[in-house]
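Engineer: At the far end of the sequence shown sits residue 76, using our numbering, and the numbering has no gaps. Don't be surprised by glycine CBs; every beta carbon is placed ideally from N, CA and C.
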Amino acid sequence: MPGNIVGPVIKIKSGVFVARGQRRPPLVFTEPGVSMLSTVLNSGKAARINVEIVREVVRALHSMGLSAWEMFR
């Protein structure tokens, strides 16, 4: 994560997010999770949704003044 963005420590256990002792279903997918989901669903619609989600992630990064390449450094 970039230096100015801080998030809670989250462990993933059996598809349930555990953050600070609270168990709740996930609210978002990670980028790799979206790719895995579209592979499992194996449909054209899932692939289109995957592309849209990745585009939104890139737009969000750009709005924060970051590029996708900076996230991988």
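S70 to N53, Cα distance in whole Å?
Structural biologist: For the purposes of this step, residue 70 is taken as residue 67 along the sequence shown, with counting starting at 1. For the purposes of this step, residue 53 is taken as residue 50 along the sequence shown, with counting starting at 1. If you take the alpha carbons of S70 and N53, they lie about 19 Å apart.
Engineer: Can you tell me where the alpha helix (DSSP H) with S66 in it begins and where it stops?
Structural biologist: As a working mapping, residue 66 is identified with position 63 in the sequence shown. It spans 47-66 - the alpha helix (DSSP H) in which S66 sits, taken as one unbroken run.
Engineer: Is L40 near A49, with beta carbons less than 8 Å apart?
Structural biologist: On the sequence shown, position 37 is the one that residue 40 refers to. On the sequence shown, position 46 is the one that residue 49 refers to. Yes, Cβ-Cβ distance for L40 and A49 is below 8 Å.
Engineer: Output the distance between the C-alpha atoms of V60 and N45, rounded to the nearest integer angstrom.
Structural biologist: Numbered from its first residue, the sequence shown carries residue 60 at position 57. Numbered from its first residue, the sequence shown carries residue 45 at position 42. Answer to the nearest angstrom: the Cα atoms are 22 Å apart.
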